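Worksheet: one structure, shown below.
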Amino acid sequence: MTVSGKTVVAHVFGERTMATLGRLMSLLSPFDVVIWMTDGWPLYESRLKGKLHVISKRYTQRIERHNLNLRQHLARLGRKSLSFSKIGGAA
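Under my numbering, the first residue of the sequence shown is numbered 657, with each subsequent residue one higher.
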């Protein structure tokens, strides 16, 4: 997210592995990230050694909400779950 905290500048989909984290880090490298705020996943600590790294759920709430919105939106498009949408429904 940007300084304002409202714009997601990179997104990677996949399992929570070192390879996925590596893809995300490479996408973020042009942005000169100063402070890394994470949820405490152990691989973050090993990969972010020497950087300003804050571990707290408090600072990850907005991105978690963004992820939730993406999951809900994609479920509506794919109809693979019980998610529903009022958009385009019968009147």
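Here a beta-carbon is modelled for each residue, glycine too, at the ideal position from N, C-alpha and C.
If you're wondering where the values come from, they're calculated on a predicted model, not measured in any experiment.
Query                                                                                                                                                         : Result
Let me confirm a value: Met-674 is counted as buried when at least 16 other C-beta atoms fall within 10 Å, else exposed. Which label applies?                 : exposed
Tell me which residues share the same chain as His-709 and place their Cβ nearer than 6 Å to its Cβ, disregarding the 5 neighbours each side in the sequence. : Trp-692
Apart from the five residues just before and just after His-729, which ones in its own chain have a Cβ nearer than 6 Å to its Cβ?                             : none
Report the CB separation of Ala-666 from Leu-683 in whole angstroms; it is logged as a contact under 8 Å.                                                     : 4 Å
Hey, how far is the Cα of Val-690 from the Cα of Gly-706?                                                                                                     : 11 Å
Between which two residues does the beta strand (DSSP E) harbouring Thr-676 extend?                                                                           : It is not in any beta strand (DSSP E) - Thr-676 instead sits in the alpha helix (DSSP H) that spans 674–684.
Quick one, are the C-beta atoms of Leu-680 and Val-664 less than 8 Å apart?                                                                                   : no
Would you kindly report the start and end of the unbroken alpha helix (DSSP H) that includes Ser-699?                                                         : Before going further, note that residue 699 is Leu rather than Ser in the sequence given. Unbroken alpha helix (DSSP H) run through Leu-699: 698–703.
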